Amino acid sequence: MNYKEEYTASTTSPERFWLEKARDIEWFKAPETALSGSANGYQTWFEGGQLNTSYLALDHHVNAGRGDKAALIYDSPVTNTTRTYSYSELLQEVATFAGALQDLGVAKGERVIIYMPMIPQATIAMLACARLGAIHSVVFGGFAANELAVRIDDATPSFIVTASCGIEGTKLLPYKPLVDSAIELASHKPNGCVVLQRPQLHAELDSTFDYDWHALIKTCSPVPAVKVDATDPLYILYTSGTTGKPKGVVRDNGGHAVALYYSMGALYGIDENDVFWAASDVGWVVGHSYIVYGPLIKGATSVMYEGKPVGTPDAGAFWSMVERHKINILFGAPTAFRAIRKEDPEGEFIKQYDLSSLRTIFMAGERLDPPTYYWTLEKTNKPVVDHWWQTETGWPICSNPMGIEPMQTKPGSSSVPTPGFNVKVLNGIDSESTPGQKGSIAIQLPLPPGCLSTIWQDHSRLVNGYLREFEGYYSTGDNGYIDEDGYVFIMGRTDDVINVAGHRLSTGEMEEVLAAHPAIAECSVIGVNDALKGQLPVGLVLLKDGVDINEADLEKELVASVRSSIGPVACFKRAIVVKRLPKTRSGKILRKLLRQIAVDEPVSVPSTIDDPSSVAEIATLMRDKGLVEAAEV
Numbered sequence: 001m002n003y004k005e006e007y008t009a010s011t012t013s014p015e016r017f018w019l020e021k022a023r024d025i026e027w028f029k030a031p032e033t034a035l036s037g038s039a040n041g042y043q044t045w046f047e048g049g050q051l052n053t054s055y056l057a058l059d060h061h062v063n064a065g066r067g068d069k070a071a072l073i074y075d076s077p078v079t080n081t082t083r084t085y086s087y088s089e090l091l092q093e094v095a096t097f098a099g100a101l102q103d104l105g106v107a108k109g110e111r112v113i114i115y116m117p118m119i120p121q122a123t124i125a126m127l128a129c130a131r132l133g134a135i136h137s138v139v140f141g142g143f144a145a146n147e148l149a150v151r152i153d154d155a156t157p158s159f160i161v162t163a164s165c166g167i168e169g170t171k172l173l174p175y176k177p178l179v180d181s182a183i184e185l186a187s188h189k190p191n192g193c194v195v196l197q198r199p200q201l202h203a204e205l206d207s208t209f210d211y212d213w214h215a216l217i218k219t220c221s222p223v224p225a226v227k228v229d230a231t232d233p234l235y236i237l238y239t240s241g242t243t244g245k246p247k248g249v250v251r252d253n254g255g256h257a258v259a260l261y262y263s264m265g266a267l268y269g270i271d272e273n274d275v276f277w278a279a280s281d282v283g284w285v286v287g288h289s290y291i292v293y294g295p296l297i298k299g300a301t302s303v304m305y306e307g308k309p310v311g312t313p314d315a316g317a318f319w320s321m322v323e324r325h326k327i328n329i330l331f332g333a334p335t336a337f338r339a340i341r342k343e344d345p346e347g348e349f350i351k352q353y354d355l356s357s358l359r360t361i362f363m364a365g366e367r368l369d370p371p372t373y374y375w376t377l378e379k380t381n382k383p384v385v386d387h388w389w390q391t392e393t394g395w396p397i398c399s400n401p402m403g404i405e406p407m408q409t410k411p412g413s414s415s416v417p418t419p420g421f422n423v424k425v426l427n428g429i430d431s432e433s434t435p436g437q438k439g440s441i442a443i444q445l446p447l448p449p450g451c452l453s454t455i456w457q458d459h460s461r462l463v464n465g466y467l468r469e470f471e472g473y474y475s476t477g478d479n480g481y482i483d484e485d486g487y488v489f490i491m492g493r494t495d496d497v498i499n500v501a502g503h504r505l506s507t508g509e510m511e512e513v514l515a516a517h518p519a520i521a522e523c524s525v526i527g528v529n530d531a532l533k534g535q536l537p538v539g540l541v542l543l544k545d546g547v548d549i550n551e552a553d554l555e556k557e558l559v560a561s562v563r564s565s566i567g568p569v570a571c572f573k574r575a576i577v578v579k580r581l582p583k584t585r586s587g588k589i590l591r592k593l594l595r596q597i598a599v600d601e602p603v604s605v606p607s608t609i610d611d612p613s614s615v616a617e618i619a620t621l622m623r624d625k626g627l628v629e630a631a632e633v
């Protein structure tokens with residue numbers, strides 16, 4: 001089928017469409033029905049089916065005679081290490097570590113937090129949990145201790161799996177002290193911690209609580225994959241919420257496997273003979289879907305990279321990887337390519353490498369700005385595809401379906417809705433916008449397989465946060481429009497979550513940190529445009545009466561507080577003292593108005609404002625500080 005036929009079939013007969021796609025993967029017990037409703041008004045996919053995601057990713061290919069094929073290529077410029085795992089080798093490693101976890105008492109349904117850098121053992125730990133039916137929750141290595149503690153209390157894991165250190169460029173980051181601090185802060189106490197000792201730095205282990213990875217696997221046997229229901233959770237992945245409390249997005253096993261297998265072929269044009277590189281981290285949803293699960297379920301070769309786009313060693317790192325590993329598809333965030341462009345504007349490094357294996361470059365995680373699109377297209381002479389999705393959906397909502405029917409690209413657009421995602425632009429309660437008219441982007445229910453099944457321990461948060469705004473729809477929280485050709489344009493968020501280098505971060509969470517400073521009475525954090533990272537957070541702070549503090553010193557203290565509480569990923573570097581914040585007469589800070597100033601949009605001052613002159617003061621101050629070009633007030 002062409003794209004139009006495929007998309008129509010998926011949206012008019014979703015049950016028939018997805019039951020057919022489900023036949024492409026191996027089930028222990030195949031589902032008889034695709035879609036079933038639940039008491040909470042949300043969908044369930046492939047109820048009654050049984051499978052195991054680890055089995056699909058490994059055993060299935062070994063049993064089919066492809067055990068010698070490369071499954072995972074690990075390339076680490078920061079340690080000068082490269083290793084390739086065949087499907088048979090990876091299966092042996094995963095089954096053995098699953099045996100180690102089982103010997104420790106980890107069983108189906110229990111949670112395991114994985115706090116690791118970009119090393120093969122992170123993938124092995126994820127697949128080992130899936131093999132046992134345990135629910136893994138990967139936390140980005142290096143996250144601050146209190147952030148990890150919040151996740152420990154929410155997921156209540158029986159064990160934590162970590163490494164002795166991560167390597168950020170040329171710096172060693174000890175992980176074990178962060179894990180120990182998080183456990184001390186958390187109310188829930190895990191049963192123990194498995195530590196992979198890296199040669200660059202050995203951690204001190206507690207003989208009564210900590211277990212050495214290598215010592216464990218010497219004394220255990222490989223274990224087979226456990227049968228799980230299609231509706232059983234595979235993992236919890238935390239994403240920032242506007243309340244400041246992270247949301248634990250839950251992914252099921254059955255729908256996830258079907259969706260990812262389908263997406264590898266339909267969207268990325270990948271088959272089992274291809275090499276796929278998602279230049280992300282397993283701590284993010286891209287790493288889950290397209291470093292670990294998608295390529296391996298498909299039977300392709302996945303690349304895992306412990307390095308940066310620039311500086312490890314230079315701006316030619318990506319292109320060197322393509323040549324060395326004969327990569328067919330490269331998937332990265334626009335931020336990465338902006339960083340490369342910044343250091344190599346003429347593309348001199350690109351000319352040094354053979355990119356003949358590379359078919360397509362995909363970008364996601366934030367809006368792909370046209371200058372970055374055109375630069376990448378011109379310098380690489382490869383098709384560049386912008387596609388849009390969320391942690392909650394687990395795979396692209398919109399994309400150029402390269403495996404079905406490659407379509408014309410429109411810079412600034414994330415192309416067309418992916419089969420299965422019935423995308424609409426709504427105004428008011430449920431009024432559908434006309435082509436070109438901006439509104440709230442929503443997806444008509446049912447969502448396709450692979451999307452979130454619930455929010456861990458709080459299903460009401462899914463209902464209230466995503467399903468209540470528009471009855472019968474999932475609200476994406478994004479604004480945009482669909483043009484007359486059906487192309488979707490994402491214009492920005494409708495809430496207070498900002499996108500820093502592809503990472504969605506809660507401004508509310510940062511505000512809590514700033515507000516804890518003894519000198520601050522009130523504050524607001526907004527995202528300003530940044531050519532490299534997309535957005536950067538800026539704090540607007542109102543001092544308490546009588547406080548006498550040097551503004552530069554205050555800024556340093558606030559930057560250090562955010563770094564300590566949230567981590568360097570927040571990229572919080574600017575805090576500005578203001579005389580007042582724009583508020584309604586009832587005292588509510590007008591954050592939407594501040595966001596308009598921050599992104600240089602025309603500012604619409606509402607009639608409910610208490611003092612209109614406060615808006616001009618903020619706009620002038622931000623212009624004087626060089627944070628915005630010119631805000632029209």
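The opening residue of the sequence shown carries number 1 in full-length UniProt numbering; numbering runs sequentially from there. We put the beta carbon where it would ideally sit given N, CA and C, even for glycine. This structure is a prediction, so every number in the text was calculated from the model and none was measured.
With contact defined as three or more Cβ pairs closer than 8 Å, the region 330–343 and the region 309–322 are in contact. For A501, same chain residues with a beta-carbon under 6 Å away, outside a window of 5 residues either side, are T335 and K533 in chain order.
Two segments are said to touch when three or more pairs of C-beta atoms, one from each, lie closer than 8 Å; by this definition the region 478–492 touches the region 427–438. In this structure, C398 and V423 form a Cβ contact; the two beta carbons are roughly 7 Å apart against a cut-off of 8 Å. The C-alpha of V513 is placed about 7 Å away from the C-alpha of S561. For the 8 Å CB-CB criterion, S181 and A145 form a contact. Collapsing the DSSP output to three states places L172 in a strand.
In this structure, DSSP gives H136 an extended state, which the three-state scheme calls strand. For T162, DSSP records a beta bridge to Y115 and V195. Within its own chain, the residues whose Cβ lies closer than 7 Å to the Cβ of S36, once the five positions on either side in sequence are excluded, are T44 and E47, listed in chain order. DSSP, reduced to helix, strand and coil, places K218 within a helical segment of the structure shown.
Using a 10 angstroms sphere on the CB of F140, the tally of other CB atoms reaches 16 or more, which defines it as buried.
Here H188 carries a coil assignment [DSSP, helix/strand/coil]. Taken in chain order, the complete alpha helix (DSSP H) segments of 4 or more residues contained in the region 272–351 are 294–298, 317–325 and 334–343. In the displayed model, F17 falls within a helix according to three-state DSSP. Shortest Cα-Cα distance from L90 to any of V106, T123, S289 and V286 involves T123. In the DSSP assignment, T476 falls within the beta strand (DSSP E) that extends over Y473 to I482. Each residue's CA atom was taken as its position, placing R563 and T239 some 18 Å apart. Given a length threshold of 4 residues, each whole run of the alpha helix (DSSP H) inside the region 65–107 is given here in chain order: 87–103. The C-beta of F159 has 16 or more other C-beta atoms within 10 Å across all chains shown, which makes the residue buried. In this structure, F17 lies away from A30, with their beta-carbon atoms at least 8 Å apart. Within the model, the alpha-carbon separation for A98 versus I135 is close to 13 Å.
Where I576 is concerned, there is no enclosing alpha helix (DSSP H), although the beta strand (DSSP E) around it starts and stops at R574 to V578.
For M363, DSSP records a beta bridge to G332 and D386.
Within the same chain, V599 come within 6 Å of N529 by CB-CB distance, once the 5 residues on both sides are set aside. Looking from the CA of P396, the closest CA among Y374, I443, L543 and R23 belongs to I443. A direct Cα-to-Cα measurement between L543 and V569 gives close to 26 Å. Cβ-Cβ distances below 8 Å link E26 to L51, Y55, L56 and H60 in the same chain, with the five nearest sequence neighbours on each side left out; the list follows chain order. For the 8 Å CB-CB criterion, I297 and L260 form a contact. Looking at Y115, G465, E378 and R83, the one whose alpha-carbon comes closest to that of K245 is G465. A contact between stretches requires three or more CB pairs, one per stretch, nearer than 8 Å, and the region 402–422 fails this requirement with the region 202–215.
Counting only residues of its own chain and dropping the five nearest sequence neighbours on each side, S460 has no CB closer than 6 Å to any other CB.
E509 and C571 have their alpha carbons spaced roughly 14 Å apart. In this structure the region 470–477 does not touch the region 278–288; the number of beta carbon pairs closer than 8 Å is below three.
A contact is defined here as three or more CB-CB pairs under 8 Å, and the region 109–126 fails this definition with respect to the region 400–420.
Residue environment: Q596 is assigned as buried (16 or more neighbouring CB atoms within 10 Å of its CB, all protein chains considered).
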